[in-house]
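Single-structure report; data block below.
Numbering (the working numbering), first residue to last: 40 to 346.
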């Protein structure tokens, strides 16, 4: 039987499952609704059912399951610690134990942004890089670091929280503080900033459409978002000497609007080291989190095998 690895991306609306070869080549994938308000057991049961269905379809043997999940997780114990209000009964749930009990294979759990970055390093836009800042631009702005080839969470697990660095205006952030990067570069922030300028309420996606159609208010909002992302890149380069950045998430699909503003802002104030900042758009798209989760469990499986 073909030996495969499964990667699972648990989101508040949808769960994505990918089946990969040991080299992380995608064999198959499936998307399903997340039973987010039915509790942890239901969420895992839905994901396990999708994995099982793919295994049957491909007559494959499962080596391990990696899970990436939104919120704060304890990767060491495989437990979800804190979630947003998109979930009920998910915080406190032992994910890896439940997956192991159901499928009898090793399992890992990590934050979805960490998994996104690991996926892009394993087989995406920054493949093979050892020092990278990853940013996801969704409703908010998430961040993660890989330093020296390993995830760096910091002593309190807050390393990479670039979306909640202050100095980006005076708007109220979703976390309750003021002027965070998320307020100008996340989807909610882009919609809010456009409403302030124009008096009209549009989704971030529609703001992008308006910008491409010549709406000067919409263009200015994306210019500000690009400026903010450039500041994040420059802060990272100045403090950690990390000059490779990969950006994903829904807002990154408006790369044509963001990239010129980011590039111009970096060119105006380049890093003092003189190093060139490499800015990459995610190439894995919606597969990134699941593939990163698969890469994590692959490493665990390979470590456990005899040399």
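All residues carry an ideal CB built from backbone N, CA and C; glycine is no exception.
Alpha-carbon to alpha-carbon, residue j and residue i
{"i": "residue 44", "j": "residue 164", "result": "21 angstroms"}
{"i": "residue 322", "j": "residue 103", "result": "24 angstroms"}
{"i": "residue 309", "j": "residue 63", "result": "36 angstroms"}
{"i": "residue 134", "j": "residue 108", "result": "10 angstroms"}
{"i": "residue 83", "j": "residue 237", "result": "44 angstroms"}
{"i": "residue 148", "j": "residue 224", "result": "27 angstroms"}
{"i": "residue 182", "j": "residue 333", "result": "19 angstroms"}
{"i": "residue 53", "j": "residue 71", "result": "6 angstroms"}
{"i": "residue 124", "j": "residue 313", "result": "44 angstroms"}
{"i": "residue 198", "j": "residue 153", "result": "11 angstroms"}
DSSP bridge partner residues for residue i (one or two, in chain order)
{"i": "residue 72", "result": "53"}
{"i": "residue 105", "result": "46 and 147"}
{"i": "residue 172", "result": "184 and 284"}
{"i": "residue 121", "result": "111"}
{"i": "residue 133", "result": "118"}
Proximity of residue i and residue j at Cβ, strictly below 8 angstroms
{"i": "residue 241", "j": "residue 233", "result": "yes"}
{"i": "residue 331", "j": "residue 155", "result": "yes"}
{"i": "residue 294", "j": "residue 262", "result": "no"}
{"i": "residue 285", "j": "residue 171", "result": "yes"}
{"i": "residue 246", "j": "residue 230", "result": "yes"}
Which of helix, strand or coil DSSP assigns to residue i
{"i": "residue 183", "result": "strand"}
{"i": "residue 337", "result": "helix"}
{"i": "residue 256", "result": "helix"}
{"i": "residue 238", "result": "coil"}
{"i": "residue 289", "result": "helix"}
{"i": "residue 189", "result": "strand"}
{"i": "residue 320", "result": "strand"}
{"i": "residue 67", "result": "strand"}
{"i": "residue 325", "result": "helix"}
{"i": "residue 99", "result": "strand"}
{"i": "residue 311", "result": "coil"}
{"i": "residue 220", "result": "coil"}
Cβ-based burial, residue i [other Cβ within 10 Å; buried from 16]
{"i": "residue 86", "result": "buried"}
{"i": "residue 145", "result": "buried"}
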